[in-house]
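Asker: Structure below; questions to follow.
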Amino acid sequence: SRHKGLLQSVANVFPTSPHGFCIYHIEKNIKTTYPIGLGKKFPKKMVQLFKNCAYSFTPEVFDVNLQILRKKGGGLIDKFLEDLPKENYSDAFFLSARVKRIKSNGEESRPMKCGRCKKLGHHNKNTCSAPF
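Dropping the structure here:
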């Protein structure tokens, strides 16, 4: 919601790609939606209720979580959600697979020691090919 020009640019450059909103940034926006007078716990509670919606895997669970969020959040959350299409943040409605985290450039996965064969590598005791 802070950079509306970015949304239009993404749509122009990647017209056929679904665009998912970053849950972290939505959380920050939710926290600034509520006045400080409500205390610190209330915005955190709203963020958690929103995450319940975002990470719902079925439309039915999403709808239940959304009702809870709207009931607890009142008019401020209703206003906040007006311009936030559920297809851009909810796992239940997103048109493609969502990823929780993308590795940054240059970041590599580090090898771990297997619990069974005790060797370093990119496997664990469940996927280890060493004989028992």
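Take any residue in the sequence shown, count from 1 to its spot, add 920: that is its number in the numbering used here.
The beta carbon of each residue, even a glycine, is placed where N, CA and C say it ideally should be.
The structure displayed is predicted, hence computed values, not measured ones.
Look at the alpha carbon of T978 and the alpha carbon of F1013, and state the distance between them as a whole number of angstroms.
Answerer: The alpha-carbon atoms of T978 and F1013 are separated by roughly 8 Å.
Asker: Three or more beta-carbon pairs under 8 Å between the segment 969–977 and the segment 998–1011, yes or no?
Answerer: Yes, the segment 969–977 touches the segment 998–1011.
Asker: Looking only at C-alpha atoms, which of L1001, L1040, P1005, G925 sits nearest to V967?
Answerer: Ranking the options by Cα distance to V967, first place goes to L1001.
Asker: Within 10 angstroms of the Cβ of G994, are there 16 or more other Cβ atoms? Answer buried if so, exposed if not.
Answerer: Classification for G994: exposed.
Asker: Would you call I950 buried or exposed, if buried means 16 or more other Cβ atoms sit within 10 Å of its Cβ?
Answerer: Buried, since its Cβ has 16 or more Cβ neighbours within 10 Å.
Asker: Tell me which residues share the same chain as K965 and place their Cβ nearer than 8 Å to its Cβ, disregarding the 5 neighbours each side in the sequence.
Answerer: Answer for K965: K992, listed in chain order.
Asker: Pull up the CB-CB distance for D998 and R990, whole angstroms please, since I reckon it's below 8 Å.
Answerer: Yes, they are in contact, since the Cβ atoms of D998 and R990 sit about 6 Å apart, within 8 Å.
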